[in-house]
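Trainee:
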Amino acid sequence: MVWTALGRVVRRMVLPAPMVKTGMFFLASDGPAVVSVLARLGACQIERSPTELKDYLTPYFPDEFREGYHRLRSHYEWLAQRWQLSGEAPLDLATAAVPTAASMRQLADALEALVGRVDAVAERRKQLETRRLELEHFDDSVRALADLGLDVQALTALRFLHLRFGMVPVANLDRLRTSAQLGDDVVLELGTRHDRAHVMVVGTGGITADLDGLLTKAHFEPLGPAAAELSGNTDTVRTEIAEEQAALAVKLGQVQSEEQQLQHDHGALVRDAAGVLARAAVFAECDGVMEGRAPVAFLSGWVVRERLADLEGALRRDVPGPVALVHEPATAAGSPPSEVAVPRMLRPAASLIALYGSPGYDEINPALVIAITTPLFFGMMFGDAGYGLVLLVAAVATRRRLGQWRPVAVSCSLASFLFGLLYGSVFGVEHWIPALWLRPVEEPFRLLEMALWGGVAFILTTFVLKAATLLRQDRGREALMGLQGGAGAVFYLGAVLASRGLYLQQGVSWAATSLVLGGLAVAAAHAALEIRAHGRSMLTDLASEYFHLLLSLLTNTLSFLRLAAFALSHAAVSAALFLVMETIPPTPVGWVFRLTFLLVASAVMLGLHILVVAIQTIRLQFYEGLTRYYRGDGRPYRPLRFPATTA
Amino acid sequence: MALRYGKYAFLHARLGALKAGLLTERQWQQLLDCGSAAEQRRVLESTTGYADAVRSTHEGMLRALKQTSRTVAGKVVRSTPSDGARFFRAWARRDVLRNLRAILRGKAIGRSADDIRAVLIDADADDRLPTERLLRCGSLDAAFELLEATPLRHWVQSARRLYERDPTLFGLDAALDRLYYAEVWHALDRLDAADREPVATLLRLEVDQVNLLWLLRYRLNYRLSPAETYYLLLPVTGHVSDTELQRLVREDSQAAVTARLAYRPLRDVLAPCASIWEVEVALWRYRARQARRLLSQATFTLGEALALLLLKVVDVRDLVALVEGTALGIDTVRIRQQLTGAGSH
């Protein structure tokens, strides 16, 4: 019983769930109800590519819903941005339903009216703030002119002189000055405040349209009161400015309260709109996908086989009109999505695989293999009980930040610690504890041999996985007789044993010879059958494939030497670190230097080793592993469902 | 020197492969000899650079063609060391600028979202232009407001202020151009001196082209004063210096502007031109010639990469002119007059 249950769990982790391709015919008016059922159950991924019915049906989507949705969304986004609304409200998934077009229109009308009111208040506030800024700048200008001691009234009274005061952005000042000179005008800078410069534009003759055009382009903002008032009564003008500033501050306060009141009174309405939009979005997703011919509409999608009955029941129960649901088992040829139940522990491995590509419907999900082998590779390359413990503590301490990568960090740290015990290595010191297995520096060749055997075991596993994938794809003969499958594994095992015999000068055993010849003979028979079935053009394809495969077997196997090489490198670098440290004299000051050096160098070494070993681990998984048995061209299963929150 | 070869070895190799995607003079001749759009498609299907682009409808093909130069730019960015990549990313933002301009112009003249969408280029996710939300905006003001909440606000605020005071579309264009080239020049200044010069060689010509064309349009078409014209030119200059531009804006005819150009190669190129359109074509052709020369020298510099990108832009520009011209039934001679790259020979 336990084994059966365990087998079922592993099967769900490894094999994508069987899918059925479904088509749903329903009354067009029931569209929102049908989609509500689908989104509540989360049991159907809508198919977006054209169906076989494309020649008989035309795209269909209720215009009223589309218009209401876009209007509501546009007003909501405007208000959410204006009021800086954030935060998420949960949706009740059990009762969630697509809103009606009429309810959305009503809400959109209400929001539209609100937008108008908010906009009007904002416009008033903008005008007041502009005026406040103008007054600040004006005050500065009045002071600047008074400081210059210019009799502005006398200047403006001159017949052949034109004069203007105002502000321009500081960034535009140089360009304006040079440009104005081309029209024989002079721009004098009176001072700057923030990003604005106070300027006086002086020229001969009257103000021309050309000068006006130039000043406009330079964002020149003329000062309000007439220049004539500026002469001789600076104090009066500044008093008037101060009075107006005080009045403005009161008005600004009123406008701000008005804005806050609006937000307080209507915040709930906007939050309601967020909920309505979140529920409407699932139906809006069907725009362009739903087809129909009045009064019937059609949707197609993918449903996990074991949930089909639930879906049928829910559609019968919750949709007012009739729903005809047709379905057929999915085949890989139809490119169904893949749903693989990945437990939380394996999610990092699944994320790693996703970088390579999602598993196809007819493929095996390698997450379990990756999750088991990744810490083994990491630990073997970076086996150190001390550093492993440090990494473990760091992983536990930063578990929140690590998020879904926590299991990888913990398992790799643990593996590093355990291999450290096996190697008898603590912080690079090789004599503090006894080695439970071997010391890399003392037995490098044994370690290299073990790394190679590890590689052989891994590559044999990839043969098994490839054969299993081929079997799943109904390519049984290739799984057993192909060089990528059974025959290849037999040949590879024979070749490994033969190489070992030759290396140990023991000669090639009969068993090894039989395995090599047997594997090759079966592969050749398979090749012959393929050529007979597909013609001679297969010959070059097979020759190239076999050549590449044989070459890659050699390089992939040798590649695993890095498992030992990096373990040796860790031991060697640690030894070098202690040697350098011992060159520092053992005086009291020297010990301080020694300790500082040890800490800094160890931290650098730890960082570099983690980086390098992590890269090598990923490389082994991707290049030596996944490329051999995994295609990764599937698409993940993303059923239509209501979002859990309104965000 | 050896360091430079090492630094740009990969980029050089990648450019070698990308060069094969440019149309040759022979392929252009074949395209011009085609009697119909269908034949042109067949010729393009046999090319390395455009085979994928032609497997679509007419509109889809035009979009896909425009997209190819963006794809090449992406490949160049990915093959260039980080400082150079930063420059090319800034340079390639012209596509964001083009989309932004199309959207703002479209909103200003009340075009529908679908009409605007049809002329946009598919931009990368990191372009930060909220295209769909912009298309949904009911007015230009709403579009400005939305853009001011994005990282593009520094581009937009200035353009908006200008447009509000002076609601002309060319003013908007000029403001966006000024901001774009200021950014590109800033990115250029951040390159090492050795990397900067080969890039600046081509970029100066581009800046000259923009400045001269805007100068002629402002003075002769829009009748702006010398002061306004000078103010609206780019804040950076190429072979035509700032002082020279101040002199040129005072001229009131194309012939006078051309005759007073101090940089002789430009003067020679522009002397035979009778209209602003001819000036534009002549400048494109001149830049394409310079780019081709730089690319053929295998200099192992960033200049090579910019030359390839420019030639790709020219190729695509010409192809779009050819495809659209053929669809409109324009004869080959007139189409050829518009071409600026290898097809113009």
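From first to last, the protein sequence lines stand for chains L and B.
For the record, in the first sequence the residue sitting at position 621 is 675 according to the working numbering, with numbers rising by one throughout.
For the record, in the second sequence the residue sitting at position 165 is 264 according to the working numbering, with numbers rising by one throughout.
Here a beta-carbon is modelled for each residue, glycine too, at the ideal position from N, C-alpha and C.
I'd like to know whether the C-beta of residue 236 (chain B) is nearer than 9 angstroms to at least one C-beta of chain L.
Mentor: Taking Cβ atoms only, chain L reaches closer than 9 angstroms to residue 236 (chain B), which makes this a yes.
Trainee: Checking contacts by CB at 9 angstroms: is residue 280 (chain L) closer than that to chain B?
Mentor: Low confidence applies to residue 280 (chain L): its pLDDT is 44, below 50, so where it sits in the model is not reliable enough to give any reading.
Trainee: I'd like the ranges of any alpha helix (DSSP H) spanning at least 4 consecutive residues and lying wholly in the stretch 329-383 of chain L.
Mentor: Qualifying alpha helix (DSSP H) stretches, in chain order: 362-372.
Trainee: Out of L:387, L:424, L:412, state which residue places its alpha-carbon closest to the alpha-carbon of residue 403 (chain L).
Mentor: Nearest C-alpha to residue 403 (chain L): L:424.
Trainee: In angstroms with no decimal places, state the Cα-to-Cα distance between residue 315 (chain B) and residue 204 (chain B).
Mentor: The alpha-carbon atoms of residue 315 (chain B) and residue 204 (chain B) are separated by roughly 22 angstroms.
Trainee: Across which residues does DSSP place residue 99 (chain L) in a beta bridge pair?
Mentor: Partner(s): L:356.
Trainee: Please report how far the alpha carbon of residue 148 (chain L) lies from the alpha carbon of residue 440 (chain L), in whole angstroms.
Mentor: Taking the straight line from one Cα to the other gives about 51 angstroms.
Trainee: Assuming residue 246 (chain L) is part of the alpha helix (DSSP H), what are its boundary residues?
Mentor: Careful: residue 246 (chain L) lies outside any alpha helix (DSSP H), inside the beta strand (DSSP E) at 239-247.
Trainee: Does residue 320 (chain B) pass the burial test, meaning 16 or more other C-beta atoms within 10 Å, or should it be called exposed?
Mentor: Residue 320 (chain B) should be labelled exposed.
Trainee: Within 9 angstroms of any Cβ in chain L, is that where the Cβ of residue 245 (chain B) sits?
Mentor: With 9 angstroms as the cut-off, residue 245 (chain B) counts as an interface residue toward chain L.
Trainee: I'd like to know whether the C-beta of residue 267 (chain L) is nearer than 9 angstroms to at least one C-beta of chain B.
Mentor: Chain B, which has a Cβ nearer than 9 angstroms to the Cβ of residue 267 (chain L), makes this yes.
Trainee: Would the beta-carbon of residue 412 (chain L) fall within 9 angstroms of that of residue 446 (chain L)?
Mentor: No, the pair does not count as a contact, with Cβ atoms beyond the cut-off.
Trainee: Show which residues of chain B have a CB atom less than 8 angstroms away from the CB atom of residue 230 (chain L).
Mentor: 330, listed in chain order.
Trainee: If we call anything under 9 angstroms between Cβ atoms a contact, is residue 529 (chain L) one with residue 97 (chain L)?
Mentor: In this structure, residue 97 (chain L) does not lie closer than 9 angstroms to residue 529 (chain L) by Cβ.
Trainee: Just the Cα atoms here: how many angstroms apart are residue 613 (chain L) and residue 674 (chain L)?
Mentor: Near 8 angstroms, if we compare the C-alpha coordinates of residue 674 (chain L) and residue 613 (chain L).
Trainee: Can the beta-carbon of residue 540 (chain L) be found closer than 9 angstroms to that of residue 549 (chain L)?
Mentor: No, Cβ-Cβ distance for residue 540 (chain L) and residue 549 (chain L) is not below 9 angstroms.
Trainee: Can you tell me whether residue 666 (chain L) is helix, strand or coil according to DSSP?
Mentor: Looking at residue 666 (chain L) - three-state DSSP - the assignment turns out to be helix.
Trainee: I need the DSSP call for residue 270 (chain B), collapsed to helix, strand or coil.
Mentor: Helix, per DSSP.
Trainee: Kindly indicate which three-state DSSP category residue 172 (chain L) falls into: helix, strand or coil?
Mentor: It is helical.
Trainee: Specify the secondary structure class of residue 283 (chain L) as computed by DSSP and reduced to three states.
Mentor: Legend: pLDDT at residue 283 (chain L) = 48, less than 50; position of this residue unreliable, value from coordinates given subsequently. If DSSP states are grouped into helix, strand and coil, residue 283 (chain L) belongs with the helices.
Trainee: Chain B beta carbons: is any one of them nearer than 9 angstroms to that of residue 354 (chain L)?
Mentor: Cβ-Cβ to chain B under 9 angstroms: no for residue 354 (chain L).
Trainee: State the CB to CB distance for the pair residue 80 (chain L) and residue 342 (chain L), rounded to an integer number of angstroms; the pair is presumed to be in contact (CB under 8 angstroms).
Mentor: About 18 angstroms; that fails the 8 angstroms criterion.
Trainee: For residue 537 (chain L), does the three-state DSSP call read helix, strand or coil?
Mentor: DSSP places residue 537 (chain L) in coil when its eight states are reduced to three.
Trainee: Using a C-beta cutoff of 9 angstroms, does residue 271 (chain L) count as contacting chain B?
Mentor: With 9 angstroms as the cut-off, residue 271 (chain L) counts as an interface residue toward chain B.
Trainee: Just to confirm my understanding: we take residue 670 (chain L), look at its own chain, exclude 5 residues before and 5 after, and list those with CB closer than 8 angstroms. What are they?
Mentor: 431, 435, 616, 620.
Trainee: Considering only the beta carbon of each residue, do residue 215 (chain B) and residue 246 (chain B) sit closer than 9 angstroms?
Mentor: Not in contact: residue 215 (chain B) and residue 246 (chain B) (Cβ atoms no closer than 9 angstroms).
Trainee: Would you list, in sequence order, the uninterrupted beta strand (DSSP E) runs of no fewer than 3 residues that lie entirely inside the stretch 143-177 of chain B?
Mentor: For the stretch 143-177 of chain B, not a single whole beta strand (DSSP E) run of length 3 or above is found.
Trainee: Can you name, in chain order, every residue of its own chain whose Cβ lies under 7 angstroms from the Cβ of residue 257 (chain B), other than the five neighbours on each side?
Mentor: Cβ within range, chain order: 274, 278.
Trainee: Who are residue 392 (chain L)'s beta bridge partners in DSSP?
Mentor: Paired residues: L:690.
Trainee: Which residues in chain L sit within 8 angstroms of residue 327 (chain B), going by Cβ to Cβ distance?
Mentor: By Cβ distance, chain L contributes 233, 264, 267, 268, 271.
Trainee: Could you please tell me which residues of the stretch 113-147 of chain B, in chain order, have their CB closer than 8 angstroms to any CB of chain L?
Mentor: Listed in sequence order: no entries.
Trainee: Which residue from L:688, L:422, L:134 puts its Cα closest to that of residue 68 (chain L)?
Mentor: Considering only alpha carbons, the answer is L:422.
Trainee: For residue 506 (chain L), which residues of its own chain have a beta-carbon under 7 angstroms away from its beta-carbon, when the five flanking residues on both sides are left out?
Mentor: Closer than 7 angstroms at Cβ, skipping near neighbours: 611, 614, 615.
Trainee: In chain order, what residues of the stretch 340-361 of chain B put their CB closer than 9 angstroms to some CB of chain L?
Mentor: So the list reads 341, 345, 348, 349, given in the order they occur along the chain.
Trainee: Can you have a look at residue 321 (chain L) and say buried or exposed, based on whether 16 or more other CB atoms are within 10 angstroms of its CB?
Mentor: The residue in question, residue 321 (chain L), is exposed, as its Cβ has fewer than 16 Cβ neighbours within 10 Å.
Trainee: Assuming residue 178 (chain B) and residue 269 (chain B) are in contact, meaning their beta carbons sit under 8 angstroms apart, how far apart are those beta carbons, in whole angstroms?
Mentor: No, residue 178 (chain B) and residue 269 (chain B) are not in contact; Cβ-Cβ is about 37 angstroms, not under 8 angstroms.
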